[in-house]
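**Student:** Just dropping this structure here.
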Amino acid sequence: DQQVKQNSPSLSVQEGRISILNCDYTNSMFDYFLWYKKYPAEGPTFLISISSIKDKNEDGRFTVFLNKSAKHLSLHIVPSQPGDSAVYFCAASVGNTPLVFGKGTRLSVIA
Amino acid sequence: GAVVSQHPSRVICKSGTSVKIECRSLDFQATTMFWYRQFPKKSLMLMATSNEGSKATYEQGVEKDKFLINHASLTLSTLTVTSAHPEDSSFYICSAIIPGDREKLFFGSGTQLSVL
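Note that the protein sequences, when read in sequence, are chains A and B.
Counting in my numbering, the first sequence runs from 1 upward without gaps.
Counting in my numbering, the second sequence runs from 1001 upward without gaps.
In structure tokens, the structure reads:
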């Protein structure tokens, strides 16, 4: 039973356009959500997070939106750059319990 | 920023041998470290939570006698894959959190284990 789902295994976007990565979750107790970026053969690096008391958090080109009623969050990257090409993991947690990760979405930004 | 160092980055071993993977927090004390395993095209699966000075807490389905975790100091946790088999081949990643800072989960660079 997967509590965090990233239903799109891959996404291709033209450089300069917006990349939208989606994530759905089933556990309504999750109160903290994060996005991690991962390059091949490297560990994930933290990108951006959002608490359940917010519906939007912005950091430069990256914005995370949270829709609690739909149990859905998304990561927007604007404008997309070739260096953004990586696998993006959505993660969630309840309190101080370990993060639960989605399967990841491979983003390819085409120049 | 905080750094987690993981070694080795890649190891190839024969079936039946044991492999030790080290995870070090370089500039902070990590009372808790996590060990993850990633299969191709799969999510990061939490294997165990390692607490300094106490026994690790293993997730359901993870054999604690096969994946030995030792967290003997505040900066070092080790994962030993004992009597490795080809099905143990995977990408193993450790991570650590800075106490009291929920957001700061730092990952090591991972270890690609290939068992022949």
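In this text, a Cβ means the ideal position worked out from N, Cα and C, and glycines have one as well.
#1: So, is the C-beta of F89/A closer than 8 angstroms to a C-beta in chain B?
#2: Which full runs of the beta strand (DSSP E) of 3+ residues lie inside the segment 20-74 of chain A, going along the chain?
#3: Check each residue of the segment 18-41 of chain A: if its Cβ is closer than 9 angstroms to any Cβ of chain B, include it; give the result in chain order.
#4: On the three-state DSSP scale, how would you describe E1087/B?
#5: So, for L1116/B: in the same chain, excluding its five sequence neighbours on each side, which residues have a beta-carbon less than 6 angstroms away from its beta-carbon?
#6: What residues in the segment 47-76 of chain A bring their beta carbon closer than 7 angstroms to a beta carbon of chain B?
#7: The beta strand (DSSP E) spanning L1105/B covers which residue range?
#8: So, is the C-beta of P79/A closer than 8 angstroms to a C-beta in chain B?
#9: Considering L1072/B, what are the terminal residues of the beta strand (DSSP E) in which it resides?
#10: If you measure from the CB of R17/A, is any heavy atom of the ligand ZN nearer than 7 angstroms?
#11: Quick check on this structure: which residue in G95/A, S108/A, L107/A has the alpha carbon closest to the alpha carbon of F30/A?
#12: Per DSSP, which residues does L99/A bridge with? Please list them.
#13: How far does the beta strand (DSSP E) with S1077/B in it reach, from first residue to last?
#14: Measuring straight from C-alpha to C-alpha, what distance separates K1055/B and T1049/B?
#15: Measure from the alpha carbon of V4/A to the alpha carbon of each residue in S1043/B, F1028/B, I1012/B, T1031/B, then state which is nearest.
**Tutor:** In brief:
#1: yes
#2: List check, beta strand (DSSP E) in window: 32-38, 45-51, 56-59, 62-67.
#3: So the list reads Y32, L34, Y36, K38, A41, given in the order they occur along the chain.
#4: Looking at E1087/B - three-state DSSP - the assignment turns out to be helix.
#5: K1014
#6: S49
#7: 1105-1107
#8: no
#9: In the sequence as displayed, the identity of residue 1072/B is Ala instead of Leu. A1072/B -> beta strand (DSSP E) spans 1067-1073.
#10: As far as ligands go, the structure on display features none, and thus does not contain the ligand ZN.
#11: G95/A
#12: Answer is none; L99/A lacks a bridge partner.
#13: 1076-1081
#14: 9 angstroms
#15: S1043/B
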